[in-house]
Amino acid sequence: MYPMFQQQQQQEENYLQPNNFHNYNASFNESMFFNSDTAQEICPGIWLGPYTSLLTTPQVTNLHYAPPPQSHSTGGYNFISNNNIKIIVNCGTTLKFLDLIENSPHISISSDVLVLSLDPSFDAMASPSQGHELIQQFTRDYSKILHNYMNSFYFNNPNANNLIHNLPSNQNLSIDSPILNGSNLKLQFFKLIRLISLFKLINYDLQCLFVSEDGNGSLSTGLTIAYLMDCYRYNYENSFKLIHDRRPTIHTLQLNFYDDLLIIENLKKFYYENIELKGRNPNLLMNGFKRSSGNGGNNEDGVVEDDNGKTGDEIMVGGDRKRRLH
Numbered sequence: 002m003y004p005m006f007q008q009q010q011q012q013e014e015n016y017l018q019p020n021n022f023h024n025y026n027a028s029f030n031e032s033m034f035f036n037s038d039t040a041q042e043i044c045p046g047i048w049l050g051p052y053t054s055l056l057t058t059p060q061v062t063n064l065h066y067a068p069p070p071q072s073h074s075t076g077g078y079n080f081i082s083n084n085n086i087k088i089i090v091n092c093g094t095t096l097k098f099l100d101l102i103e104n105s106p107h108i109s110i111s112s113d114v115l116v117l118s119l120d121p122s123f124d125a126m127a128s129p130s131q132g133h134e135l136i137q138q139f140t141r142d143y144s145k146i147l148h149n150y151m152n153s154f155y156f157n158n159p160n161a162n163n164l165i166h167n168l169p170s171n172q173n174l175s176i177d178s179p180i181l182n183g184s185n186l187k188l189q190f191f192k193l194i195r196l197i198s199l200f201k202l203i204n205y206d207l208q209c210l211f212v213s214e215d216g217n218g219s220l221s222t223g224l225t226i227a228y229l230m231d232c233y234r235y236n237y238e239n240s241f242k243l244i245h246d247r248r249p250t251i252h253t254l255q256l257n258f259y260d261d262l263l264i265i266e267n268l269k270k271f272y273y274e275n276i277e278l279k280g281r282n283p284n285l286l287m288n289g290f291k292r293s294s295g296n297g298g299n300n301e302d303g304v305v306e307d308d309n310g311k312t313g314d315e316i317m318v319g320g321d322r323k324r325r326l327h
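Whatever position you read off the sequence shown (first residue = 1), add 1 for my numbering.
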């Protein structure tokens, strides 16, 4: 068994411990409590939450000006470092997010954390003059970290092409700027999900956090849906249901809202094109789960087993298949 899968199996067993708060088999109704100001782990290594989840002092209610609580003087609490968050993807307004991480006294992000901003409508030239310095500083600082990540995980990794599937039209996987904008949201989904999947295959402990202002935005939900579609082949409806079970405050995407409609349509295109791309090379080492290797590696229809041969929670995905979520 690959060491990566051994490590994964151990983590899956940890999730199944009855006293573990983030028990993956527990629905929201079975959880002890829900706090919309914190992030929730939607599936292993993928968190969804609001800007307040970035705080080193979660008691603070004013992100900029509230005095630090006493706990800060004794070390406080840092969700990012405590949970090994190494990739943060902002799905809210870029300038508001940049101002927050740069100027809030209660947010501290380590220099080894990659921060990206997914903002299809972002236009640096149309930004107010006071935002130009923030944009330049963020682009300068995180372009270096992005470059280091890309070199370490992809460009200088001889096995990279054996770990990830192609992009549509054989597009280049590289991301040139930490701010991802433009009208091709489907391609942005592909690039982000491919990179995250590659990073997590090489370092399974790596955790990702998708944030928006209140943690319930359509774009952050959409990016999480894209990850579930890729990693577990969940369709749109089942992906949304799972996310809503973990974070019940997320907004329902509405077809009569133009921005929501764009997200839904691009997710559908992503889903079907991704299935087609993966079908061209089905044996590629991909995703963080594997089927039981019982008899030739094939399970009985409709049964998903772990490495110990135990059946786990199942959900119908893609209309015709079952996958286990751990």
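Every residue, glycine too, gets a C-beta built ideally from N, C-alpha and C.
Give every residue of the same chain whose Cβ lies closer than 6 Å to the Cβ of residue i, excluding the five residues on either side of it in the sequence, and list them in chain order.
i	result
Leu99	Leu135, Phe139
Ser130	none
Asp302	Because the pLDDT at Asp302 is just 38, under 50, the model does not fix this residue reliably, and the value given afterwards should be weighed accordingly. Within the same chain, Asp302 has no close Cβ partners at all.
Can you have a look at residue i and say buried or exposed, based on whether 16 or more other CB atoms are within 10 angstroms of its CB?
i	result
His327	With a pLDDT of 48 at His327, under the threshold of 50, the modelled position of that residue is not reliable, and the figure given next carries that caveat. Buried: at least 16 other Cβ atoms inside 10 Å.
Leu330	This structure cannot speak to residue 330, because the chain is shown only from 2 to 327.
Arg281	exposed
Pro179	buried
Gly183	exposed
Ser118	buried
Lys187	buried
Ile197	buried
Ile276	exposed
Ser170	exposed
Phe258	exposed
His107	buried
Are the Cβ atoms of residue i and residue j separated by less than 9 Å?
i	j	result
Ser219	Asp260	yes
Gly50	Thr57	no
Ile265	Tyr237	yes
Gln208	Ile88	yes
Gly216	Ile165	no
Trp48	Phe154	no
Leu96	Tyr52	no
Met151	Ser112	no
Leu332	Ala161	Missing from the structure shown is residue 332; the chain here goes from 2 to 327 and no further.
Leu254	Phe241	yes
Ser213	Asn91	yes
Glu103	Phe191	no
Asn149	Ile203	no
With a CB to CB cut of under 7 Å and the five nearest residues on each side skipped, what residues in its chain are close to residue i?
i	result
His245	Ile251
Phe156	none
Gly46	Lys201, Leu207, Gln208, Cys209
Residues in its own chain within less than 8 Å of residue i by CB, not counting five upstream and five downstream?
i	result
Val114	Ile81, Ile86, Lys87, Ile88, Ile89, Ile146
Gln189	Leu119, Pro121, Leu181, Gly183
Asn173	none
(message) To test your reading of the DSSP string, which unbroken alpha helix (DSSP H) runs of 4 or more residues are found completely within the segment 168–234?
(response) Complete alpha helix (DSSP H) runs here, min 4: 186–203, 219–233.
(message) Count Cβ pairs between the segment 212–231 and the segment 144–154 that sit closer than 8 Å; are there 3 or more?
(response) For the pair of segments examined, the segment 212–231 was found not to touch the segment 144–154: the number of CB pairs separated by less than 8 Å stays below three.
(message) Could you check whether the segment 118–128 touches the segment 148–166, counting it as contact only if at least three pairs of C-beta atoms, one from each stretch, sit closer than 8 Å?
(response) Touching, no.
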